[in-house]
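A quick write-up on the structure given underneath.
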Amino acid sequence: MIKDNIKDILSKLPQGVELVAAAKKRTAVEILEAIDAGIKIVGENYVQEAQKVIEVIGSRAQWHFIGHMQKNKVRKAVKLFDMIETVDSYEIAYAIDTECKKISRVMPVLIEINSGKEKQKFGVLPEDAEAVVKQISSLSNISVNGLMTMGPFMGEPEDFRPYFIRTRQLFEKLKEKELPDVEMKYLSMGMTSSYKTAIEEGANMVRIGTLIFGERRYS
Ligand SMILES: *Cc1c(COP(=O)(O)O)cnc(C)c1O
Numbered sequence: 001m002i003k004d005n006i007k008d009i010l011s012k013l014p015q016g017v018e019l020v021a022a023a024k025k026r027t028a029v030e031i032l033e034a035i036d037a038g039i040k041i042v043g044e045n046y047v048q049e050a051q052k053v054i055e056v057i058g059s060r061a062q063w064h065f066i067g068h069m070q071k072n073k074v075r076k077a078v079k080l081f082d083m084i085e086t087v088d089s090y091e092i093a094y095a096i097d098t099e100c101k102k103i104s105r106v107m108p109v110l111i112e113i114n115s116g117k118e119k120q121k122f123g124v125l126p127e128d129a130e131a132v133v134k135q136i137s138s139l140s141n142i143s144v145n146g147l148m149t150m151g152p153f154m155g156e157p158e159d160f161r162p163y164f165i166r167t168r169q170l171f172e173k174l175k176e177k178e179l180p181d182v183e184m185k186y187l188s189m190g191m192t193s194s195y196k197t198a199i200e201e202g203a204n205m206v207r208i209g210t211l212i213f214g215e216r217r218y219s
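Each residue of the sequence shown is one higher than the one before, counting from 1 in the numbering used here.
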């Protein structure tokens with residue numbers, strides 16, 4: 001089933017759009033099946049959970065962190081992940097930079113935008129994004145590679161469109177500024193219910209879980 005789902009999605013994705021398999025709560029066996037079917041990037045929300053599957057699967061996939069990064073998880077995370085998609089403050093970026101220095105690596109990151117401006121949501125407000133990107137770009141062991149957004153939790157794919165448009169416009173604006181040490185390469189937006197809308201609005205990275213693996217079982 002996982003294989004068929006992936007083949008189907010990959011056959012419909014426009015060229016240049018990267019598929020991230022959002023794998024929270026999935027087993028190493030399920031993730032390996034996804035990799036066999038052509039998945040190159042796996043997204044994980046929890047550092048501890050990711051560590052377990054990465055121990056088994058290792059570099060057969062690239063690993064993107066897509067959850068909320070907590071400061072006390074940064075040391076472990078910089079050793080596990082190839083990209084952190086959810087940097088939402090200078091403070092967390094500074095912590096990532098500090099830990100990356102210790103192991104002599106540069107971490108590609110996306111800046112998470114709170115495009116719905118919801119109080120309970122993580123992410124940088126659109127109006128603060130330029131200032132935060134500039135500040136973070138001064139950190140030498142971090143490389144700003146683009147933006148990520150979730151959009152508000154809502155039912156209809158169409159409801160996401162204004163938030164995707166807002167984030168894409170921000171992405172374009174920052175790209176045009178050609179800020180030093182900033183490469184606006186990836187625009188990560190869209191999940192199972194909204195990825196088609198996200199692609200229409202310029203996403204070149206989509207994060208899909210349910211449509212690949214089926215409904216999540218929460219225990
Ligand atoms: C779970 C998750 C997804 C995928 O959600 P689905 O609706 O299962 O496709 C995408 N992005 C993030 C940040 C997630 O946590």
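We put the CB at the ideal spot given by N, CA and C, even for glycine.
Based on the DSSP secondary-structure assignment, which residues constitute the bridge partners of H68? By one-based count along the sequence shown, residue 68 stands at place 68. The partner list for H68 (beta bridge, DSSP) is empty, contrary to what the question assumes.
Report the rounded CA-to-CA distance for V221 versus A21, giving the unit in angstroms. Absent from the structure is residue 221, since the part of the chain shown begins at 1 and ends at 219.
Which residues DSSP lists as bridging S188, in chain order: For the purposes of this step, residue 188 is taken as residue 188 along the sequence shown, with counting starting at 1. According to DSSP, S188 bridges with M148 and M205.
If you run the structure through DSSP and keep just helix, strand and coil, what is A23? Residue 23 sits at position 23 when you count from the first residue of the sequence shown. DSSP places A23 in coil when its eight states are reduced to three.
Quick one: using the 10 Å Cβ neighbour count with 16 as the cut-off for buried, is V144 buried or exposed? Position 144 of the sequence shown, counted from the first residue, corresponds to residue 144. With 16 or more Cβ atoms within 10 Å of its Cβ, V144 is classed as buried.
Flag this pair as yes or no: are the beta carbons of I2 and G214 separated by less than 9 Å? Reading the sequence shown from its first residue, position 2 is the one you call residue 2. Reading the sequence shown from its first residue, position 214 is the one you call residue 214. For I2 and G214, yes; Cβs fall inside 9 Å.
Have a look at V56 and A28 and give me their C-alpha separation to the nearest angstrom. Here residue 56 refers to the residue found at position 56 of the sequence shown. Here residue 28 refers to the residue found at position 28 of the sequence shown. If you take the alpha carbons of V56 and A28, they lie about 7 Å apart.
For the putative contact between E18 and I41, defined by C-beta atoms under 8 Å, what is the C-beta separation to the nearest angstrom? For the purposes of this step, residue 18 is taken as the residue at position 18 of the sequence shown. For the purposes of this step, residue 41 is taken as the residue at position 41 of the sequence shown. The Cβ separation is near 6 Å, so the contact holds.
Could you tell me the alpha carbon to alpha carbon distance between M148 and K71, rounded to whole angstroms? What you label residue 148 is simply residue 148 of the sequence shown in a count that begins at 1. What you label residue 71 is simply residue 71 of the sequence shown in a count that begins at 1. Straight-line Cα distance between these residues: approximately 19 Å.
DSSP state of V17 mapped onto helix, strand, coil: Numbered from 1 along the sequence shown, position 17 holds the residue referred to as residue 17. It is coil, neither helix nor strand.
What's the call for L139, buried or exposed, on a 16-neighbour Cβ count within 10 Å? In the sequence shown, residue 139 corresponds to position 139, counting from 1. L139 should be labelled buried.
What are the partner residues of G43, as DSSP defines its beta bridges? Residue 43 sits at position 43 when you count from the first residue of the sequence shown. G43 is bridged to A22 and H64.
Assumed close pair K134, L187 - CB separation to whole angstroms, cut-off 8 Å: In the sequence shown, residue 134 corresponds to position 134, counting from 1. In the sequence shown, residue 187 corresponds to position 187, counting from 1. That belief does not hold up - the Cβ atoms of K134 and L187 are roughly 19 Å apart, past 8 Å.
With 16 as the cutoff for other CB atoms within 10 Å, does D97 come out buried or exposed? Indexing the sequence shown from 1 puts residue 97 at position 97. Buried: at least 16 other Cβ atoms inside 10 Å.
When we look at the beta-carbon of F153 and count the other beta-carbons within 10 Å, is it buried (16 or more) or exposed? Along the sequence shown, read from residue 1 onward, the residue named residue 153 stands at position 153. It counts as exposed.
DSSP-derived helix/strand/coil call for I136: The residue you call residue 136 lines up with position 136 of the sequence shown. Reduced to three states, the DSSP call for I136 is helix.
Please confirm whether any heavy atom of ligand 1 lies closer than 8 Å to the CB of G67. Position 67 of the sequence shown, counted from the start, is the residue given in the question as residue 67. Checking the Cβ of G67 against ligand 1 gives yes.
Cβ-heavy atom distance, A28 to ligand 1, below 8 Å: The sequence position of residue 28 within the sequence shown is 28, counting from 1. The answer is no for A28.
If E44 sits next to K25, beta carbons under 8 Å apart, how far is it from one beta carbon to the other, in whole angstroms? Your numbering for residue 44 matches position 44 in the sequence shown. Your numbering for residue 25 matches position 25 in the sequence shown. At roughly 10 Å, the Cβ-Cβ gap does not stay under 8 Å, so E44 and K25 are not in contact.
Evaluate D8 with the Cβ neighbour count: other Cβ atoms within 10 Å of its Cβ, from every protein chain shown; 16 or more gives buried, anything less gives exposed. In the sequence shown, residue 8 corresponds to position 8, counting from 1. Answer is exposed; the Cβ neighbour count stays below 16.
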